[in-house]
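Residue numbers for the sequence shown follow this note's numbering, so the first one is 5 and each next one is one higher.
Here is the structure we will look at.
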Amino acid sequence: MPLIKPADLLDASIKTKSEIVTATISLKEPTVSQAITNTIIRHFRGKGINVARVSKKTIYQILNTIPRHTFTSKNLNKVFRGETFTFKMSVIVHIKIIGDNYYLMRDRIYGRDNLKKAIAIKWLKSYEAHVFDCSEKSAFMEFWLERNGFNADIVADATHSWIKVEVELGNWVDVEATGDGPSIMVRRKYTYRFKDIYDAIEYFRDEYDWWNEIKREERIIEYVLK
């Protein structure tokens, strides 16, 4: 299994093609079952791999390359017609993987002025509803701020997503990720709070996968500091 570095996120599905193929499962079974997803996640976690995103994707081109593997589930959910599934159908479950080194360990940075410097950027990638909107932008900003040493969480309510950043121990400010660039915002009540990208994507699978919306070599942000 190749080591997946943060810079290789966009290539994860290619680099781990053999693993993805073994995670193929027929949607002609009585699915839409979270149990099936959980079974696949356990399979990968048992190999020490964090599964970050699960979504349905039709791939007719590789039908002939999908091996006739079986996958045994210990889940006793009654929606199953048994515990063995044959991986040979055209609609598969696509596993997108994030390596454990998505976050780089570094000393924590605090201070509102330091935060203002870190978010002194502008978006080069445009806002696009349901593709690269407040969710993906917030997830990217959480990634960016963590890489710059801040303790940042992704938060959301029923209609919007943004970031909370710890500027002093126990003192958090809200950061709006959309607009021309991120900015400190008035505190807003949230419904969901995620400590890291793994939590966010496990809860909302397709909402925070910013790397999946970025084309190869595409620039996302640039500094506006002189």
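We put the CB at the ideal spot given by N, CA and C, even for glycine.
For the 8 Å Cβ check, are there 3 or more pairs between the region 211 to 222 and the region 181 to 191? Contact between the region 211 to 222 and the region 181 to 191 is absent, with fewer than three C-beta pairs closer than 8 Å.
Are the Cβ atoms of Val228 and Lys120 separated by less than 8 Å? If you number the sequence shown from 1, residue 228 lands on position 224. If you number the sequence shown from 1, residue 120 lands on position 116. Contact: no.
What do you reckon, are the CB atoms on Asp161 and Phe198 nearer than 8 Å? Here residue 161 refers to the residue found at position 157 when the sequence shown is read from its first residue. Here residue 198 refers to the residue found at position 194 when the sequence shown is read from its first residue. Cβ atoms of Asp161 and Phe198: not closer than 8 Å.
Relative to the ligand HEM, is the shortest distance from any of its heavy atoms to the C-beta of Asp203 smaller than 7 Å? As for the ligand HEM, it is missing from this structure, which has no ligand bound.
Taking the continuous beta strand (DSSP E) assigned at Met189, which residues delimit it? Within the sequence shown, residue 189 is the residue found at index 185, counting from 1. Unbroken beta strand (DSSP E) run through Met189: 187 to 189.
Hey, out of His164, Gly174, Glu172, Phe208, whose CA is closest to Tyr232's CA? Outside the displayed range of the chain (5 to 230) lies residue 232, so it cannot be described from this structure.
Are Leu114 and Glu170 close, meaning C-beta to C-beta below 8 Å? Taking the sequence shown and counting its residues from 1, one reaches residue 114 at position 110. Taking the sequence shown and counting its residues from 1, one reaches residue 170 at position 166. Looking at the sequence shown, residue 114 is not Leu but Tyr. Taking 8 Å as the Cβ cut-off, Tyr114 and Glu170 qualify as a contacting pair.
What's the gap between the Cα of Asp15 and the Cα of Glu217? Taking the sequence shown and counting its residues from 1, the one referred to as residue 15 is at position 11. Taking the sequence shown and counting its residues from 1, the one referred to as residue 217 is at position 213. The predicted position of Asp15 is uncertain, since its pLDDT is 30 and thus under 50; a value taken from the coordinates is nonetheless stated next. Looking at the two C-alpha atoms, the distance is approximately 12 Å.
Runs of alpha helix (DSSP H) wholly within the region 147 to 209 (minimum 4 residues, chain order): 201 to 207
Hey, Ile123 and Ser142: beta-carbon distance below 8 Å or not? The residue labelled residue 123 in the question sits at position 119 within the sequence shown. The residue labelled residue 142 in the question sits at position 138 within the sequence shown. No. Outside cutoff.
Name the DSSP bridge partner or partners of Ile224? In the sequence shown, counting from the first residue as 1, residue 224 sits at position 220. Per DSSP, none; premise fails for Ile224.
Am I right that Ile225 and Leu108 are in contact with their C-beta atoms under 8 Å? What's the rounded C-beta distance? On the sequence shown, residue 225 is found 221 positions in, with the first residue counted as 1. On the sequence shown, residue 108 is found 104 positions in, with the first residue counted as 1. In fact, because the Cβ distance is near 18 Å, the residues do not count as touching under 8 Å.
Option nearest Val177 by Cα separation, candidates Arg110, Asn118, Tyr106: The count along the sequence shown starts at 1 and reaches residue 177 at position 173. Taking only the C-alpha atoms, the option nearest Val177 is Asn118.
Distance between Ser139 and Asn155 (C-alpha atoms, nearest Å): Residue numbering aside, residue 155 sits at position 151 when the sequence shown is read from its first letter. Residue numbering aside, residue 139 sits at position 135 when the sequence shown is read from its first letter. Roughly 18 Å separates the two Cα atoms.
Could you check whether Asp111 and Gly153 sit closer than 8 Å to each other, using their CB atoms as the reference points? The residue given as residue 153 occupies position 149 in the sequence shown. The residue given as residue 111 occupies position 107 in the sequence shown. Yes, Cβ-Cβ distance for Gly153 and Asp111 is below 8 Å.
Would you tell me roughly how many angstroms separate the C-alpha atoms of Tyr196 and Asp203, rounded to the nearest one? Walking along the sequence shown from the start, residue 196 turns up at place 192. Walking along the sequence shown from the start, residue 203 turns up at place 199. In this structure, the alpha-carbon of Tyr196 lies about 11 Å from that of Asp203.
Tell me Ile125's beta-bridge partners as DSSP assigns them. Sequence index remark: in the sequence shown, residue 125 carries index 121 (1-based). Per DSSP, Tyr227.
Whether Glu132 touches Ile201 by CB criterion (8 Å): Indexing the sequence shown from 1 puts residue 132 at position 128. Indexing the sequence shown from 1 puts residue 201 at position 197. No, Cβ-Cβ distance for Glu132 and Ile201 is not below 8 Å.
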